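If you're matching positions, the sequence shown starts at 240 in this note's numbering and goes up one per residue.
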Amino acid sequence: MIPIHEQFHSWQGEGVHSGRSAYFIRTLGCPVHCPWCDSAGTWHPDYIPTKIERFSAEALAQRAAARKPEFVVITGGEPAIHDLLPLTDALHACHLPVHLETSGAFALRGEFDWVTLSPKRWRPPLATVWKQANECKLIIDSIGALTEWAPQLLAWDVERPIWLHPEWSCIQDATILDAITEWIKVHGKPYRAGWQLHKCYQADLRDPGSQAAVPLGGNVARGY
Ligand code: SF4
């Protein structure tokens, strides 16, 4: 049984598969504790729900298959803290490709058709996950974020895109947007400017299974 925060049919708003019909399964729990997390309901003591639903892999796969998406995205929280092999097996048995979104801080357990790595400085990715990822999504929350990750990014295979996303509370911060623009102009491939397009459409909220994002303001004294 897997603890689930929400599951809903929408479309992928980020990365290479942006714009495609996708069913999202958001698992509960995340030990990474980013100060700007917009899924605080998956881990934060002030926002985590009192009633936590748990589903079998088969039940999750049947719900997903009933919505007929192009693929399923397992996300979180940090989904890799769970053994996802039973779920990926059940989804594949329903002929659904499986995508994973992870911070990379934990070894992946499951069979994935696409892995999006979103590294976080508070708990950096394992070397194995850097290699397994099909694309990287770097959240730019300061103009120093790009140089901070440069050593890992220089070792990255240029055929795998690296998306540079402004952290959502910074989307009108010209210094962040300009830093992304200049980095892409200077370095070119594999960097691409990214955006969370589904938020502009409020696409996820059209499904009653989704929950409104809970953005944190950050509180170092409390450990996030
Ligand atoms: S942004 Fe992702 S990795 Fe960071 S705390 Fe939130 S769920 Fe965890």
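We treat Cβ as the ideally placed atom computed from N, Cα and C, and that holds for glycine. These figures come from a predicted structure and were not determined experimentally.
Can you tell me which of the three DSSP states residue i falls into?
i           : result
residue 444 : helix
residue 320 : helix
residue 251 : coil
residue 242 : strand
residue 386 : helix
residue 281 : helix
residue 459 : Legend: pLDDT at residue 459 = 48, less than 50; position of this residue unreliable, value from coordinates given subsequently. Helix at residue 459.
residue 257 : coil
Going by C-alpha to C-alpha distance, which of the options sits closest to residue i?
i           : options               : result
residue 443 : 259, 297 and 416      : 259
residue 346 : 360, 372 and 337      : 372
residue 406 : 435, 340 and 332      : 435
residue 249 : 266, 310 and 277      : 310
residue 381 : 265, 274 and 245      : 274
residue 398 : 429, 387 and 409      : 429
residue 350 : 288, 312, 410 and 414 : 312
residue 359 : 352, 368 and 353      : 368
residue 400 : 416, 432 and 412      : 432
residue 316 : 447, 427 and 242      : 242
residue 286 : 297, 301 and 269      : 269
What are the partner residues of residue i, as DSSP defines its beta bridges?
i           : result
residue 375 : 356 and 401
residue 394 : None, per the DSSP bridge assignment.
residue 266 : 243
Got a sec: does ligand 1 put a non-hydrogen atom nearer than 8 Å to the Cβ of residue i?
i           : result
residue 245 : no
residue 408 : no
residue 275 : yes
residue 359 : yes
residue 282 : yes
residue 404 : no
residue 375 : no
residue 316 : yes
residue 439 : no
residue 279 : yes
When you compare the CB of residue i with every CB in chain C, is at least one pair closer than 9 Å?
i           : result
residue 451 : Checking the listed chains, one finds no chain C in this structure; it contains a single protein chain.
Can you check the region 403-432 for any alpha helix (DSSP H) of at least 4 residues that lies completely inside it and give the ranges in chain order? 413-426
In chain order, each beta strand (DSSP E) run of at least 3 residues that lies wholly inside the region 293-372: 310-314, 337-341 and 353-356
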